[in-house]
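**Q** Okay, here's the structure, questions in a sec.
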């Protein structure tokens with residue numbers, strides 16, 4: 251899922267300063283799963299903001315609403331009436347959702363309430379880890395199902411580097427060395443020969459480096 | 056193995072000599088006087104001088120420029136190039152530029168992550184890795200083409216090196232990686248500094264078993280310690296470094312005024328031991344911010360004077 | 036608007052560790068409000084915040100002793116959540132010390148907890164009306 255984290259309350263508070271009525275709009279998909287922007291988080295943020303604002307004496311009324319997903323117009327539309335009642339929208343969706351809202355409700359300021367970080371998995375309760383960088387050219391088969399573009403801090407294709415120590419990355423002692431994991435995995439799969447094969451430079455033109463991407467499904471376009 | 060004719064370092068190694076290289080860190084500023092001062096301390100005592108490339112991700116005078124300054128002084132540089140800061144376009148461009156400025160040796164590295172540097176907020180590049188870079192430099196020289204296949208007006212025929220770390224994990228795989236670097240085109244490697252001779256000897260034995268010592272010149276890294284604190288710092292804080300406990304104890308066993316002397320003594324013992332290991336073709340002295348000591352070490356290790364051009368051509372060393 | 040000038044403390048408690056009827060006569064130094072939960076893990080962050088919004092000066096969460104939760108880890112979850120909300124209260128400048136979790140062995144321990152809670156209050160900024 252897409253993982254995000256709520257912005258610091260102080261930062262959110264500052265961004266709301268010009269407004270007297272704000273809709274806090276949650277999203278029921280990715281950000282709900284990582285506890286950043288679902289219905290529960292909308293309620294908590296509204297309460298926390300009200301408490302914070304009491305102290306500064308700012309007058310601000312919040313409306314709270316959550317839609318299934320903010321990345322699809324079909325669901326965003328449902329928020330129309332609520333958006334119309336407010337001076338601004340604080341969206342707790344990922345950056346894509348914030349932009350989709352802003353596109354549809356162009357006359358109303360839409361502010362981000364979370365920082366969108368990565369595409370990841372729930373490794374165990376409470377632990378979300380980054381796994382995929384969306385490079386557009388998946389080579390996971392070469393690397394035993396562990397992505398060196400995402401998980402190696404230096405994006406090495408012929409790793410590891412000299413900084414790998416006891417299975418940890420030089421960048422942070424809590425970070426696994428992806429190449430250590432790749433070697434272990436290929437060993438378990440009986441594919442150690444893959445490590446002897448030279449991997450040529452990655453083609454980045456299908457990644458974000460090549461420009462923002464589109465997917466068109468002609469079979470769905472009427 | 057590829058020994059370009061106009062690389063002095065390649066010449067020494069091709070003639071079967073025991074090479075000596077050292078390191079020069081460019082200054083954090085635009086004043087080349089520092090480079091000239093360091094160069095003057097090393098001139099005549101080494102076959103070539105490595106010039107680091109924004110080491111530890113801290114902005115310094117560029118490796119290519121510093122290398123050019125040394126070349127202008129008649130000192131042969133080994134230009135270090137990391138893939139952290141520049142994409143393939145910039146790297147290839149700098150390889151051409153370096154060659155045009157008379158630089159003939161290049162050491163290909165990934166580079167320290169910018170997390171440790173002075174500007175951790177910078178975006179890193181890592182478009183290609185160090186082995187891709189070795190291959191790129193090799194192909195540019197051997198085939199005379201850039202990565203797009205375009206025939207170059209003047210092929211950069213570099214003496215290509217890579218780094219090797221016998222002390223990083225996992226040990227067995229390190230030799231596989233060395234083989235990969237050689238297959239990609241590395242003609243020489245410089246290793247991380249050696250304190251754990253036993254582990255280094257094991258790695259060398261594995262390299263010999265794979266026939267790699269026939270295909271690449273291995274220059275073992277050495278660093279003279281200045282203090283017990285330095286030994287401890289290197290042991291605990293520097294990734295991929297193996298400093299055995301007895302070395303730290305030895306550094307701590309002498310009074311502070313004698314620490315440097317002890318550090319040099321350990322270095323000389325290490326060099327003597329390294330010369331006995333089959334397949335070690337030289338040493339790379341990394342005397343961090345202590346370039347003055349290189350001359351002392353080279354002399355005390357009886358590796359001075361360095362072979363001149365005539366001696367190189369005849370395959371003699373000055374000790375003959 | 037406050038109907039009395041006494042500090043208000045809202046006490047969320049696990050129904051298994053406390054029957055408020057058994058609490059010895061509490062001091063008249065504060066207004067106590069008890070909210071029972073089937074398990075302390077039923078306490079949600081938003082309930083704690085809304086208790087403050089409703090006028091509480093302090094909020095206490097009473098849970099079963101560690102190892103004694105009849106749902107095994109409910110009291111551990113409550114502890115984690117309370118810490119999360121304490122950090123949030125600090126972040127918004129409300130002083131996380133106003134919120135505390137206590138493992139409760141018996142109803143007799145409640146007055147001491149109340150006193151401890153009241154003791155923290157004068158050091159905290161008053162909750163705006």
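Chains as they are written, first to last, in my numbering: chain A, 251 to 472; chain B, 56 to 375; chain C, 36 to 164.
Glycine residues also receive a C-beta, built at the ideal position from the N, C-alpha and C atoms.
Note that the structure is predicted; figures quoted are calculated from it, not measured.
Are the segment 453 to 461 of chain A and the segment 294 to 309 of chain B touching by the rule of at least three beta carbon pairs closer than 8 Å?
**A** Verdict: no, contact absent.
**Q** Using a Cβ cut-off of 9 Å (strictly closer), state whether residue 129 of chain C contacts chain A.
**A** So, interface residue.
**Q** Residues of chain C with a CB under 9 Å from the CB of residue 475 of chain A: which are they?
**A** Because chain A is modelled from 251 through 472, residue 475 of chain A falls outside the range shown and cannot be assessed.
**Q** Could you work out which residue in B:280, B:259, B:279 is closest to residue 271 of chain B when comparing CA atoms only?
**A** Among B:280, B:259, B:279, the Cα nearest to that of residue 271 of chain B belongs to B:259.
**Q** Beta-carbon of residue 201 of chain B versus every beta-carbon of chain A: anything under 9 Å?
**A** No - not a single Cβ of chain A is within 9 Å of the one on residue 201 of chain B.
**Q** DSSP puts residue 355 of chain A in a beta bridge; with which residues?
**A** Looking at the DSSP assignment, residue 355 of chain A forms no beta bridge with any residue, so it has no partner.
**Q** Just the Cα atoms here: how many angstroms apart are residue 266 of chain A and residue 272 of chain A?
**A** About 8 Å.
**Q** By Cβ distance below 6 Å, which residues in the same chain neighbour residue 393 of chain A in space, the five residues on each side in sequence not counted?
**A** Excluding sequence neighbours, residue 393 of chain A sits near 432.
**Q** State yes or no: is the C-beta of residue 295 of chain A within less than 9 Å of the C-beta of residue 262 of chain A?
**A** Yes, the pair counts as a contact, with Cβ atoms nearer than the cut-off.
**Q** Thinking C-beta only, is residue 103 of chain B closer than 9 Å to residue 142 of chain B?
**A** Cβ atoms of residue 142 of chain B and residue 103 of chain B: not closer than 9 Å.
**Q** Listed from N- to C-terminal order along the chain, which residues in the segment 291 to 310 of chain A have their beta-carbon within a distance smaller than 7 Å of any beta-carbon of chain C?
**A** Per Cβ criterion, the list reads 293, 294, 297, 298, 300, 301, 302, 304, 305.
**Q** Can you tell me which residues form a DSSP beta bridge with residue 370 of chain A?
**A** Paired residues: A:380.
**Q** So, for residue 383 of chain A: in the same chain, excluding its five sequence neighbours on each side, which residues have a beta-carbon less than 6 Å away from its beta-carbon?
**A** Result list for residue 383 of chain A: 399, 400, in chain order.
**Q** Thinking residue 346 of chain B and residue 96 of chain B are a contact (beta carbons under 8 Å), I'd like their distance in whole angstroms, please.
**A** Sure, about 5 Å apart at Cβ, within 8 Å.
**Q** If you measure from the beta carbon of residue 416 of chain A to each beta carbon in chain B, is any gap under 9 Å?
**A** Answer yes: the Cβ-Cβ gap between residue 416 of chain A and chain B drops below 9 Å somewhere.
**Q** Taking DSSP as the reference, what is the three-state secondary structure of residue 293 of chain A?
**A** Residue 293 of chain A falls in the helix class under three-state DSSP.
**Q** Grouping DSSP H, G and I as helix and E and B as strand, with all else coil, what is residue 375 of chain B?
**A** The predicted model places residue 375 of chain B with a pLDDT of 46, which falls under 50 and marks its position as unreliable; any figure quoted below should be read in that light. If DSSP states are grouped into helix, strand and coil, residue 375 of chain B belongs with coil.
**Q** Between which two residues does the beta strand (DSSP E) containing residue 106 of chain B stretch?
**A** That run of the beta strand (DSSP E) goes 103 to 106.
**Q** Measuring straight from C-alpha to C-alpha, what distance separates residue 57 of chain C and residue 50 of chain C?
**A** In a straight line, the C-alpha of residue 57 of chain C is about 12 Å away from that of residue 50 of chain C.
**Q** Give me the Cα-Cα distance between residue 282 of chain B and residue 222 of chain B, rounded to the nearest whole angstrom.
**A** Near 21 Å, if we compare the C-alpha coordinates of residue 222 of chain B and residue 282 of chain B.
**Q** With a floor of 4 residues, list each alpha helix (DSSP H) that falls wholly inside the segment 82 to 170 of chain B, ordered by position along the chain.
**A** Runs of the alpha helix (DSSP H) inside the segment 82 to 170 of chain B: 88 to 97, 118 to 127, 143 to 155.
**Q** Given residue 155 of chain C, which residues of its chain have a CB within under 6 Å of its CB, disregarding the five upstream and five downstream residues?
**A** Only 132 meet the Cβ criterion.
**Q** If residue 180 of chain B sits next to residue 140 of chain B, beta carbons under 8 Å apart, how far is it from one beta carbon to the other, in whole angstroms?
**A** Between residue 140 of chain B and residue 180 of chain B the Cβ distance is about 6 Å, and since that is below 8 Å, they are a contact.
**Q** Check the DSSP bridge columns for residue 76 of chain B and list the partner residues they point to.
**A** The partner list for residue 76 of chain B (beta bridge, DSSP) reads B:103, B:339.
**Q** In the DSSP assignment, find the beta strand (DSSP E) that holds residue 332 of chain B and state where it starts and stops.
**A** It is not in any beta strand (DSSP E) - residue 332 of chain B carries neither H nor E in the DSSP assignment.
**Q** Start and end of the beta strand (DSSP E) containing residue 396 of chain A?
**A** Neither: residue 396 of chain A is in no beta strand (DSSP E) and is coded neither H nor E.
**Q** Measure the Cβ-Cβ separation of residue 242 of chain B and residue 232 of chain B and say whether it is below 9 Å.
**A** No, the pair does not count as a contact, with Cβ atoms beyond the cut-off.
**Q** I'd like to confirm the pairing. Which residues does DSSP put opposite residue 426 of chain A in its beta bridges?
**A** BP columns for residue 426 of chain A point to A:418.
**Q** Contact between the segment 357 to 376 of chain A and the segment 402 to 418 of chain A is defined here as three or more beta-carbon pairs at a separation below 8 Å; is this criterion met?
**A** Output reads no: the segment 402 to 418 of chain A does not touch the segment 357 to 376 of chain A.
**Q** State the DSSP-derived secondary structure class of residue 282 of chain A, mapped to helix, strand or coil.
**A** Residue 282 of chain A falls in the helix class under three-state DSSP.
**Q** Return helix, strand or coil for residue 52 of chain C, following the three-state DSSP convention.
**A** In this structure, residue 52 of chain C counts as coil in the three-state DSSP scheme.
**Q** Report yes if the CB atom of residue 366 of chain A is closer than 9 Å to the CB atom of residue 260 of chain A, and no otherwise.
**A** Taking 9 Å as the Cβ cut-off, residue 366 of chain A and residue 260 of chain A do not qualify as a contacting pair.
**Q** Against chain A, does residue 228 of chain B count as a neighbour if the rule is that its beta carbon must be under 9 Å from one of theirs?
**A** Yes, contact with chain A.
**Q** In whole angstroms, what separates the C-alpha of residue 357 of chain B from that of residue 277 of chain B?
**A** Rounded to the nearest angstrom, the two C-alpha atoms are 16 Å apart.
**Q** Among A:302, A:414, A:319, A:274, whose alpha-carbon lies nearest the alpha-carbon of residue 296 of chain B?
**A** The shortest Cα separation from residue 296 of chain B among A:302, A:414, A:319, A:274 belongs to A:414.
**Q** Are the segment 158 to 172 of chain B and the segment 106 to 119 of chain B in contact at 8 Å, needing three or more beta carbon pairs?
**A** Touching, yes.
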